Structure formats: C-alpha cells, structure tokens
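Q: In the working numbering, the protein residues as written are 328 to 508.
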C-alpha cells in the first residue's frame, strides 16, 4: 500500500472506529416474550408439565380453576383468555396460562385443589418457579370480571419472572449475573 493511500484511509478508519465503539453486535433479533395458552388441565400430570415448562422458561404460569357447572366461570374464562391473547404482560416478560378443570375426575380424586388451597371456584392462581403464589390468589368474582383488574394482576405476575436461582437473585453472585434476565 502506497503512503498516499495510507494517509487518505487513516482518517476514514479512525472515524469508523470512533463511530462503532458504542455499538453492540448481535446475530439475533431482540427477543420479546409472548404469552402462551395451554390446553385445559384434566389430569395432575398436565399441570405438572405446564409448571415445568413455565419454570424452565422463567415465565410465570397463571391458572384459572373452574368447574363445568360454574356460571361465573363461563364469564371469567373467555374474558381472561382475551386479555392474555391481547398481549397483556408480554412487555414484562410474558406468562403461561391454562384452565384447570377442578371437577375433572383425575383432578378431583388426586386432591390437587387441597394441595394449592383452592377453596372456591373460580380461583385465579399464579405459579412462579413452580411455586403457588397463594398470597396473590384471587377468588372474588367481581374482581375476576373486571378487565382492568385482570390486566394489572397479569402484569404484576409477569414481572416475577422466576427471580430465584440462576445467579440472578440476591445471593453472593446475584450482582454479577442479575442483568441477564
């Protein structure tokens, strides 16, 4: 390369280096979590599978416990599903959703409702990292029929994002890996 070409390229190379110093390189597009709607739970194994899927993806699982003869459930279920399908909670990381048919023979006989303290139908219960969030459980039918309440509740649950383990918590190494969520 001749010295004349080198002197002409030097300012251009310096400008390129300065302009690219603040950029990051990625081979994939930025991931935006989407809500997932699962088929209704009729067996305890189905719920367990959804809990595992939810935990592995660090996406909270929202369950609506219903019964076939429950008139309120027939109002709440489509409303909740439409809220989740509309994308509420995706900006916070997304949620999984399923209906648990409490009066299904396998669910009823397994004592699943007693395990998660389901005392009335319908009940809205979130799971985070495989654990039932009983402190935020909703059983009030008026709240369950209120779209704005459901949107706020889903956003709150979506923000949980399985914040335990994996180095992202408040443990010794939590500060090192906390931004990876």
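Each residue gets a CB set at the ideal place from its N, CA and C atoms; glycine is no exception.
All figures in this text were calculated on a predicted structure; none of them were measured in a lab.
Quick check: what's the CA-CA separation for residue 483 versus residue 476?
A: Their backbone Cα atoms lie some 11 Å apart in a straight line.
Q: Taking the beta strand (DSSP E) that residue 390 belongs to, which residues open and close that run?
A: Looking at the DSSP string, the run of the beta strand (DSSP E) that includes residue 390 is 388 to 393.
Q: Is DSSP giving residue 422 helix, strand or coil here?
A: Note: residue 422 maps to coil in three-state DSSP.
Q: Rounded to whole angstroms, what is the Cα-Cα separation between residue 425 and residue 455?
A: If you take the alpha carbons of residue 425 and residue 455, they lie about 14 Å apart.
Q: Where does residue 477 sit, in a helix, a strand or coil, going by DSSP?
A: If DSSP states are grouped into helix, strand and coil, residue 477 belongs with the helices.
Q: Please name the residue, chosen from 440, 376 and 418, that lies closest to residue 478 on a Cα-to-Cα basis.
A: Taking only the C-alpha atoms, the option nearest residue 478 is 418.
Q: Are the CB atoms of residue 423 and residue 388 nearer to each other than 8 Å?
A: Taking 8 Å as the Cβ cut-off, residue 423 and residue 388 qualify as a contacting pair.
Q: Determine the contact status of residue 449 and residue 391, defining contact as a CB-CB distance below 8 Å.
A: Yes.
Q: How would you write the range of the beta strand (DSSP E) that residue 455 sits in, first residue to last?
A: Residue 455 -> beta strand (DSSP E) spans 450 to 455.
Q: Our contact map puts residue 485 next to residue 406 with C-beta atoms below 8 Å; I'd like the distance itself, whole angstroms only.
A: No, residue 485 and residue 406 are not in contact; Cβ-Cβ is about 18 Å, not under 8 Å.
Q: Could you name the residues that DSSP lists as bridge partners for residue 363?
A: Looking at the DSSP assignment, residue 363 forms a beta bridge with 423.
Q: Could you round the C-beta distance between residue 452 and residue 470 to whole angstroms and report it? I think they count as a contact, below 8 Å.
A: Rounded, the Cβ-Cβ distance is 13 Å, inconsistent with contact.
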